[in-house]
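*Asks:* Which chain is which? The protein sequence lines are W and A, in order. Just so it is clear: in the first sequence, position 168 is 168 by full-length UniProt numbering, and no numbers are missing. Just so it is clear: in the second sequence, position 173 is 173 by full-length UniProt numbering, and no numbers are missing. Here a beta-carbon is modelled for each residue, glycine too, at the ideal position from N, C-alpha and C. Let me give you the structure first, and then I'll get to my questions.
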Amino acid sequence: MKARAHYDREWRTGWAFAAPGLALLAVVMGFPLAYSVLMAISSLTLLKPGLFPLVGLDNFATLFSDRLFWGALLLTIRYSAVTVIGEFVLGLAIALMLKRAVRMRPVYFGLLTIPMAMSPISVALIWKMLLQPNLGIVNHLLETAGLPRVDWLGNADLALSTMAFVDIWQQTSFVVLLLAAGLAALPQEPYEAAEVDGASAFQQFIYITLPMLRPVAGIAIIIQLINEFRTYDLPYVLTRGGPGTSTEVLSYFAYRKAFLGLSLNQGAAAAFCLLVIILALTVVFFLRLERAEAAGRNAP
Amino acid sequence: MTSSAWKRTLAASLLAATALATSAVTGRAADITLRALMEDVPETRIIEALLPEFTEKTGIKVEFEKIGYPDMHDKLVTQLVSAESAYNLLEVDFLWAGEFPAANWLVDLKPMADASKFDTAPFIPSMLDLLGRTADKMPLVPMYNYSMGLIYRTDLISDEKLKAAYKQETGKDLALPQTLEDYVAIAKFMKAKAGVEGAAMQGQRGDPNAMEFSNYLFSAGGRYLNDDRTVALDSPEARKALDLYVDNIKNGAQQGALSATLDDTLRLMCSGKAFSMVTYWWMLPQIDDAKACPAAAGKVALSVMPGGHGESGGWGWGIPANVPEDQQKAAWTFIQWVQSKEIAVKRALQGHAPVRSDVFADPAVLAKYPFYKTAEAVVASGKSFPIFTYSAEFENVLGTQISTAASGGTSTDEAVKASAAGLKDLMSR
Chain W
1 MKARAHYDRE WRTGWAFAAP GLALLAVVMG FPLAYSVLMA ISSLTLLKPG
51 LFPLVGLDNF ATLFSDRLFW GALLLTIRYS AVTVIGEFVL GLAIALMLKR
101 AVRMRPVYFG LLTIPMAMSP ISVALIWKML LQPNLGIVNH LLETAGLPRV
151 DWLGNADLAL STMAFVDIWQ QTSFVVLLLA AGLAALPQEP YEAAEVDGAS
201 AFQQFIYITL PMLRPVAGIA IIIQLINEFR TYDLPYVLTR GGPGTSTEVL
251 SYFAYRKAFL GLSLNQGAAA AFCLLVIILA LTVVFFLRLE RAEAAGRNAP
Chain A
1 MTSSAWKRTL AASLLAATAL ATSAVTGRAA DITLRALMED VPETRIIEAL
51 LPEFTEKTGI KVEFEKIGYP DMHDKLVTQL VSAESAYNLL EVDFLWAGEF
101 PAANWLVDLK PMADASKFDT APFIPSMLDL LGRTADKMPL VPMYNYSMGL
151 IYRTDLISDE KLKAAYKQET GKDLALPQTL EDYVAIAKFM KAKAGVEGAA
201 MQGQRGDPNA MEFSNYLFSA GGRYLNDDRT VALDSPEARK ALDLYVDNIK
251 NGAQQGALSA TLDDTLRLMC SGKAFSMVTY WWMLPQIDDA KACPAAAGKV
301 ALSVMPGGHG ESGGWGWGIP ANVPEDQQKA AWTFIQWVQS KEIAVKRALQ
351 GHAPVRSDVF ADPAVLAKYP FYKTAEAVVA SGKSFPIFTY SAEFENVLGT
401 QISTAASGGT STDEAVKASA AGLKDLMSR
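Laid out in structure tokens, this is it:
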């Protein structure tokens, strides 16, 4: 009986402490989320600013019958895959090099955080100037080296890769920092044992470093996947989704529907689809995190 | 209290009350700050330089927030749908002249104009019509026009060696083109033989390429809408226009034309590395400026678009419905001032693109800018992009199709069909 009363008191106290935070969360996160869902099933446009009548899943049906939506979705998946792979491979290589660097390591880390600290809009504007085909410095350097000028953003076959390159340039440093922290935390004993057994550096990397780094690497990949799925700033500044629709990712598609097409409801529906994908990735992220923690706890 | 003391007290009170009332009135005017989101173009800077004159005269302060065109629509819409707009004076593109009034975001300026006896007679009628003026309503007052024409290099077109080479190659004289086919042929020739880009083109998807293509369409004899406002875009003229547009992008224009905007084309023309550009006529004084563009100044001229018709456009002043009445009144005071003949002439002497015929005819303006005669012809011969509620979205639909065709993603025939279908769909909403 006493224990029960104690439990009830604790329960009430716990809720009393959590309530302000939960209320704040409900206001700043719950309300916008619920409102966006409501928008996605409403008849709200910029010209008729009323949510009612609700139209059920009509906006989603319209969206799913639009081939541009599917094009944007596939493009987003392709773009995210390319950028995340690029960032991970490059990030891992740099993190490994930094692990071996003895001198000036803080300077390298300091330099690496510069792109990360810049806003994506600034990054896009800077690269737009650098890649300007006729007056940009990149093509000028190519010409100086006797190479032909390249139409970086005006060529439909190249524009997405160029955008991915700019993204990788900015985002890799985050992956580097994450992986470098993971590498620093790896125990030294397995390496010492491998040395005794005569394993080469490559073998140590494949059979020790990569498996032990897997939890951190997984987390890095998932965080970046979420980031890349949300990419909006780069296509907005660099290409406006063009040439044609060659760089129209899902977030830009949603913006276009909402603000150029004046259909806030369809824009919200497209954004909701994006949210579902990101939510699924986030769930995977937390499951991975939990598994990584469990693996850490169970380690001998 | 004696009688004289009473009188003194009364006089002092009256004086104090008068002073208080005066300060309240002047204080109110001084308190109002008009804020407008403006496109970052020469026209804005011309007006900005005159703002101290307005503030001195009325006590009303004016602040311009200058940004690039592509960001303007979204920023304005966000404010116009909010409870109270941060901008209490609006610069509205003619492409939004269907959308903004339809959404009830603008105050009707006709009652204000009637009450203040604002004379609209000197305004070029087509400019008022372009901005949605009807017998009963006037959502916008014309601010400046941006009809489009051809700016070309006179030194290259009159170069004897190039003339001989062109004659030998085509059998024709190298001269100011009279048709769209001739223009594209000359642009391609210049790129191949003159060591410059034949055309500085703004092919980025959306407003840039939709506006540019409209010139090709009108030049080829095509149109967007019939007189009864049914869609007329799916036509042989439109196909011809798009074929020539794509040909010029591929063979006459600068590298990167498909991602280029107005700024890119201006820089290219200014650097002396291009023969021509289809652009807004008021770009001429910017390029013909020995300080800013020494490589091109003195070697450029303006003409009506080959074929006789180009795209006609313009900006207007509007007042948002979601701002307090005193701010609306202050905005109207500003509009009357800035579009008065006196200020319009002052602006024109700095390169303003007039919307009043009396400014085009002003002797001082013509003495400084003789090419304003040609500019008036460009304005008079211009045709309009379809103006309706979803004009901005149609620009995007059309721009996407043009861009896809120019990058080889679809045929010009398919692109014209899809654009026409898109226009029909949007107009039926």
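In this structure, what does DSSP give as the bridge partners for E189 of chain W?
*Replies:* DSSP lists no partner for E189 of chain W.
*Asks:* Using a C-beta cutoff of 8 Å, does T404 of chain A count as contacting chain W?
*Replies:* For T404 of chain A, the answer is yes, since a Cβ of chain W falls inside 8 Å of its Cβ.
*Asks:* At least one CB of chain A closer than 8 Å to the CB of D167 of chain W: is that the case?
*Replies:* For D167 of chain W, the answer is no, since every Cβ of chain A falls outside 8 Å of its Cβ.
*Asks:* Could you give the DSSP three-state label for I290 of chain W: helix, strand or coil?
*Replies:* Note that residue 290 of chain W is Glu in the sequence shown, not Ile. Helix.
*Asks:* Considering only residues of the same chain and omitting the five flanking positions on each side of T389 of chain A, which have a CB-CB separation below 6 Å?
*Replies:* For T389 of chain A, where only same-chain residues beyond five positions count, the Cβ hits under 6 Å are G98, E99 and A102.
*Asks:* Might you give, ordered along the chain, the residues of its own chain that have their beta carbon closer than 6 Å to the beta carbon of L398 of chain A, omitting 5 neighbours on each side?
*Replies:* Result list for L398 of chain A: A210 and S419, in chain order.
*Asks:* Just the C-alpha distance for I226 of chain W and G408 of chain A, rounded to the nearest angstrom, thanks.
*Replies:* Straight-line Cα distance between these residues: approximately 32 Å.
*Asks:* Check distances from the C-beta atoms of the region 75-90 of chain A to those of chain W and list, in chain order, the residues that come in under 9 Å.
*Replies:* Taking 9 Å as the Cβ-Cβ cut-off against chain W, the residues of the region 75-90 of chain A that qualify are V77, T78, L80 and V81.
*Asks:* Which residue from A:L50, A:A36, A:I402 and A:A290 puts its Cα closest to that of L217 of chain A?
*Replies:* That would be A:I402, whose Cα lies nearest to the Cα of L217 of chain A.
*Asks:* Of the choices A:E395, A:K299, A:A348 and A:P324, whose alpha-carbon is the least far from that of P42 of chain A?
*Replies:* With distances taken between Cα atoms, P42 of chain A lies closest to A:A348.
*Asks:* Can you give the Cα-Cα distance for C270 of chain A and A296 of chain A, rounded to whole angstroms?
*Replies:* Approximately 6 Å between the Cα atoms of the pair.
*Asks:* Taking A301 of chain A as the reference, give the member of A:Q327, A:A375, A:K291 and A:L262 with the closest Cα.
*Replies:* When only C-alpha atoms are compared, the closest one is A:A375.
*Asks:* Would you kindly work out how many angstroms separate the C-alpha atoms of L20 of chain A and M112 of chain A, rounded to a whole number?
*Replies:* With a pLDDT of 42 at L20 of chain A, under the threshold of 50, the modelled position of that residue is not reliable, and no figure is offered here.
*Asks:* The alpha helix (DSSP H) that contains W337 of chain A, what's its start and end?
*Replies:* Note, W337 of chain A: alpha helix (DSSP H), E325 to V338.
*Asks:* Three Cβ pairs or more, each shorter than 8 Å: is that satisfied between the region 41-56 of chain W and the region 184-194 of chain W?
*Replies:* Touching, no, given that fewer than three Cβ pairs across the two stretches are closer than 8 Å.
*Asks:* Are L234 of chain W and A124 of chain W close, meaning C-beta to C-beta below 8 Å?
*Replies:* For L234 of chain W and A124 of chain W, yes; Cβs fall inside 8 Å.
*Asks:* What are the residues in the region 241-263 of chain A lying within 8 Å of chain W by C-beta distance?
*Replies:* If the cut-off is 8 Å between Cβ atoms, the region 241-263 of chain A has Q254, Q255, G256, A257, L258, S259 and A260 near chain W.
*Asks:* Which residues in chain A sit within 9 Å of T245 of chain W, going by Cβ to Cβ distance?
*Replies:* Ordered by position in chain A, the residues that pass the 9 Å Cβ test against T245 of chain W are R205, T400, S403, T404 and G409.
*Asks:* Tell me, which residues are paired with I67 of chain A by DSSP?
*Replies:* A:E39, per the DSSP bridge assignment.
*Asks:* Counting only Cβ pairs nearer than 7 Å, list the residues of chain A close to G71 of chain W.
*Replies:* The premise fails here: G71 of chain W is roughly 11 Å from chain A at the closest Cβ pair, so nothing lies under 7 Å.
*Asks:* For L34 of chain A, go through chain W and note every residue whose CB falls closer than 7 Å to its CB, in chain order.
*Replies:* Near L34 of chain A there are no residues of chain W at all, since even the closest Cβ is about 24 Å away, more than 7 Å.
*Asks:* For M201 of chain A, count neighbouring Cβ atoms within 10 angstroms of its own Cβ and tell me buried if that reaches 16, exposed if not.
*Replies:* M201 of chain A comes out buried.
*Asks:* Which residues of chain W have a Cβ atom closer than 8 Å to the Cβ of E393 of chain A, listed in chain order?
*Replies:* Within 8 Å Cβ-Cβ: L260, G261 and L262.
*Asks:* Classify R28 of chain A as helix, strand or coil using the three-state DSSP reduction.
*Replies:* Residue placement at R28 of chain A is poorly supported in this model, since its pLDDT is 48, which falls under 50; the coordinates are not used for a value here.
*Asks:* Look up N145 of chain A in the DSSP assignment and give the residues it is bridged to.
*Replies:* N145 of chain A is bridged to A:G314.
*Asks:* Restricting to runs no shorter than 4 residues, where is the alpha helix (DSSP H) found entirely within the region 165-247 of chain W?
*Replies:* Here the runs fully enclosed are 189-197, 201-204, 210-229 and 233-238.
*Asks:* Could you check where the alpha helix (DSSP H) with A113 of chain A kicks off and where it finishes?
*Replies:* That run of the alpha helix (DSSP H) goes K110 to A115.
*Asks:* What are the start and end residues of the beta strand (DSSP E) that includes Y280 of chain A?
*Replies:* It spans S276 to Y280 - the beta strand (DSSP E) in which Y280 of chain A sits, taken as one unbroken run.
*Asks:* Is L264 of chain W near A258 of chain W, with beta carbons less than 8 Å apart?
*Replies:* Yes, these two residues count as a Cβ contact at 8 Å.
*Asks:* Residues in its own chain within less than 7 Å of A254 of chain W by CB, not counting five upstream and five downstream?
*Replies:* Around A254 of chain W: G267, A270, A271 and L274.
*Asks:* Using the three-state DSSP reduction, which class does I151 of chain A fall into: helix, strand or coil?
*Replies:* DSSP places I151 of chain A in strand when its eight states are reduced to three.
*Asks:* Determine the burial state of W15 of chain W: buried for a count of at least 16 other Cβ atoms within 10 Å of its Cβ, exposed for fewer.
*Replies:* W15 of chain W comes out exposed.
*Asks:* Do M163 of chain W and T247 of chain W have their C-beta atoms within less than 8 Å of each other?
*Replies:* Yes. Within cutoff.
*Asks:* What whole-angstrom Cβ distance do Q328 of chain A and I335 of chain A have, given they're in contact under 8 Å?
*Replies:* Going by Cβ atoms, the distance from Q328 of chain A to I335 of chain A rounds to 10 Å, so no, they are not a contact pair.
*Asks:* Which residues mark the beginning and the end of the beta strand (DSSP E) in which L98 of chain W is found?
*Replies:* Segment R67 to R100 is the alpha helix (DSSP H) holding L98 of chain W; no beta strand (DSSP E) there.
*Asks:* Among A:L90, A:E325 and A:E169, which has the Cα closest to the Cα of V141 of chain A?
*Replies:* With distances taken between Cα atoms, V141 of chain A lies closest to A:L90.
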